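First comes the structure, then the notes that go with it.
In the working numbering, the protein residues as written are 45 to 365.
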């Protein structure tokens, strides 16, 4: 998934200085961003108040959108470096193409995981014949410095492990939840899970007290640790928790995101993650010169040009504003 903002902020994130080392209930509101020709998303991370949750550094929620008579998602080829992208759907399909030759249609509750490493480019689009509704989330995971230059690759996992309890089905997207571990590659201690709750369910989810967590509401009415979380909003929970109380007033869909607080400060600009302004400047030059990121074959249209860099270097601001 691309960040199509033509004037993206250059920001430094990460570091443990602002990690909340105790349970909190911090409700994060989204900002609306236009994505491609016809898709509008709600951006939860980076947020005005918080930029990371573990290694999770970018979260977009979109839909449900009625695209029966529309092309749906149409995101032209664009680059990534230093991160992993996670495509997660509740409704619809997304056709993924990339510069290492991957071609896959990701469907609801299947994992589309692209590890950009040193550099990759990809496109995302709704297939020509597509479902009426499109609803999902696009997320990024920052790669630690030791792994941010790995060879780029794409993984598509149609079957994922689940943890179940009365009224709850938790599909493990990345990392480990309870006793279930996702087959998706990870490079830092992390967890991502899709939580499907039946109406009138009250349950408790086991957590790792060393992780910080947040919960994104996808649909329905649910209370997370007693806090109502509406669709398209996210509740940051801090760390130090061994379990998480959940209550569903209707059938509800949530996403649990967590991980060990990310040790390193990262610079995030457009679709790249580096450790310095110079890292980003080199990535931009390589993309505009047609080197490093390869070519996406089969997409009907030109690649997206990179925005201009800001005139000044960023000063570190940490995990929160």
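C-beta atoms are modelled at their ideal positions from N, C-alpha and C, and glycine is treated no differently. Small disclaimer: the values here were computed from a predicted structure and weren't measured.
For residue i, is the classification buried or exposed, using 16 other Cβ atoms within 10 angstroms of its Cβ as the cut-off for buried?
i, result
"residue 349", "exposed"
"residue 189", "exposed"
"residue 196", "buried"
"residue 129", "buried"
"residue 91", "buried"
"residue 240", "buried"
"residue 357", "exposed"
"residue 193", "exposed"
"residue 292", "buried"
"residue 147", "exposed"
"residue 294", "exposed"
"residue 50", "Model confidence at residue 50 stands at a pLDDT of 48, short of 50, so the residue's coordinates are unreliable and nothing is read from them."
"residue 215", "buried"
For a test of the three-state rule: what should DSSP assign to residue i, helix, strand or coil?
i, result
"residue 295", "coil"
"residue 314", "coil"
"residue 60", "Caution is warranted here: a pLDDT of 47 is assigned to residue 60, below 50, making its placement in the model unreliable, and the coordinate value is therefore given only provisionally. Of the three classes helix, strand and coil, the one that applies to residue 60 here is coil, per DSSP."
"residue 329", "helix"
"residue 321", "helix"
"residue 142", "strand"
"residue 341", "coil"
"residue 117", "coil"
"residue 122", "strand"
"residue 128", "strand"
"residue 304", "coil"
"residue 134", "strand"
"residue 278", "strand"
"residue 356", "coil"
"residue 87", "strand"
"residue 335", "coil"
"residue 76", "strand"
"residue 370", "The displayed coordinates of the chain run from 45 to 365. Any statement about residue 370 would go beyond what the structure contains."
Beta strand (DSSP E) containing residue i: first to last residue?
i, result
"residue 100", "100-110"
"residue 180", "177-186"
"residue 148", "147-150"
"residue 159", "155-159"
"residue 67", "67-72"
"residue 273", "271-273"
"residue 268", "266-268"
"residue 174", "That residue, residue 174, is in no beta strand (DSSP E); it is neither H nor E in DSSP."
Which runs of the beta strand (DSSP E) spanning at least 3 residues fall entirely within the segment 190-260, listed in chain order?
197-201, 206-209, 212-221, 234-241, 246-250
Validate contact between the segment 313-320 and the segment 269-280 using beta carbons, cut 8 Å, 3 pairs:
no
May I ask you to verify whether the segment 176-190 touches the segment 105-122, counting CB pairs closer than 8 Å and requiring at least 3?
yes
Could you tell me whether the segment 277-288 touches the segment 67-75, using the rule of 3 or more Cβ pairs below 8 Å?
yes
Can you find at least 3 beta carbon pairs, one from the segment 298-305 and one from the segment 251-266, that sit closer than 8 Å?
yes
Counting pairs of beta carbons, one from the segment 164-171 and one from the segment 330-338, are three or more of them closer than 8 Å?
yes
Under 8 Å: do the segment 145-159 and the segment 200-209 share three or more Cβ pairs, one atom per stretch?
yes
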